[in-house]
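The sequence shown lines up with residues -10 to 172 when you count with our numbering. Accompanying notes for the structure given below.
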Amino acid sequence: MEAPSLAGDGHSKTSTTLREFFKERGVVFGKTEKGAEAKKAQQFRKYSTEIDKLVTVIAKDNLQEWGVNSFKDGYYRTVVTNEDITVYRVFGNNARATGTFTTSKPSLNRIQTKIDSAILPEWKNSLHYEAEIVIPKGTKLNIGKVEKQFTKSGTELFGNADQFLMPENWNNGWIKNIREVKP
């Protein structure tokens, strides 16, 4: 049995669905530009950082796999700083003050930092110290959110803190202060 036509006078007799009926009248179903923009905005919020308004997005760097995997869902942006930006890096034991990973907020304590920055025990970062670093205007960074990690025992370190990959061989003169982190 053939489906009844929804078409009226002056419309195609082949319209058999509401979608076709409305399409003939200029109504578009599915993703609209506003819908796509809303989805893009929602995705951006998921990966946004505290410094987003202080940087300009540029062509994306092709990071090595370890770099990509350090970001939540592998999503990161390559940016240039529009002004000097203060960031923070916890370190100690095998981790140096001049390492690669920094974040936007100072550490509250070692335990919270370990969870938020997903720092695995095998990396031997004691988290005893924190460097306050001022990144100069015009510096290229890769930014996003920290990807979660799992310890060997299966404990999940949630991540999701802001994460900024510092330029290779960045100037240790950018370090403005070093303090001890609360246990």
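In this text, a Cβ means the ideal position worked out from N, Cα and C, and glycines have one as well. From a predicted model like this one, the values you see are computed outputs, not experimental measurements.
Using only alpha-carbon positions, find the residue among the options that is nearest to residue i.
| i | options | result |
| --- | --- | --- |
| Trp252 | Ile40, Gly88, Lys103 and Lys94 | Nothing can be reported for residue 252, as the shown portion of the chain is limited to -10 through 172. |
| Tyr77 | Leu97, Asn71 and Gln53 | Leu97 |
| Asn161 | Ser37, Pro125, Val57 and Ala107 | Pro125 |
| Thr45 | Val57, Thr38, Tyr36 and Thr70 | Thr70 |
| Lys35 | Gly148, Lys171, Pro156 and Pro95 | Gly148 |
| Trp159 | Ala84, Ser59, Thr128 and Val79 | Thr128 |
| Thr173 | Thr140, Ile122, Lys134 and Gln53 | Nothing about residue 173 can be read from this structure; the chain reaches only from -10 to 172. |
| Asn58 | Val170, Thr75 and Phe90 | Phe90 |
| Glu72 | His117, Ile40, Arg66 and Glu136 | Ile40 |
| Ile122 | Thr75, Ile132, Tyr65 and Ile108 | Thr75 |
Check whether the Cβ atoms of residue i and residue j sit closer than 8 angstroms, and answer yes or no.
| i | j | result |
| --- | --- | --- |
| Gln138 | Leu130 | no |
| Ser93 | Asp50 | no |
| Gly63 | Ser115 | no |
What is the DSSP secondary structure of residue i, reduced to helix, strand or coil?
| i | result |
| --- | --- |
| Leu97 | coil |
| Asn114 | strand |
| Asn149 | coil |
| Gly162 | helix |
| Asn82 | strand |
| Thr92 | strand |
So the beta strand (DSSP E) residue i belongs to, where does it begin and stop?
| i | result |
| --- | --- |
| Ile132 | Lys129 to Val135 |
| Thr144 | Premise fails: Thr144 is in no beta strand (DSSP E) and is neither H nor E. |
| Gly63 | Phe60 to Thr70 |
Which runs of the beta strand (DSSP E) at least 3 residues long sit entirely within the region 31 to 56? Give them in chain order.
Fully enclosed beta strand (DSSP E) runs of 3 or longer: 44 to 46.
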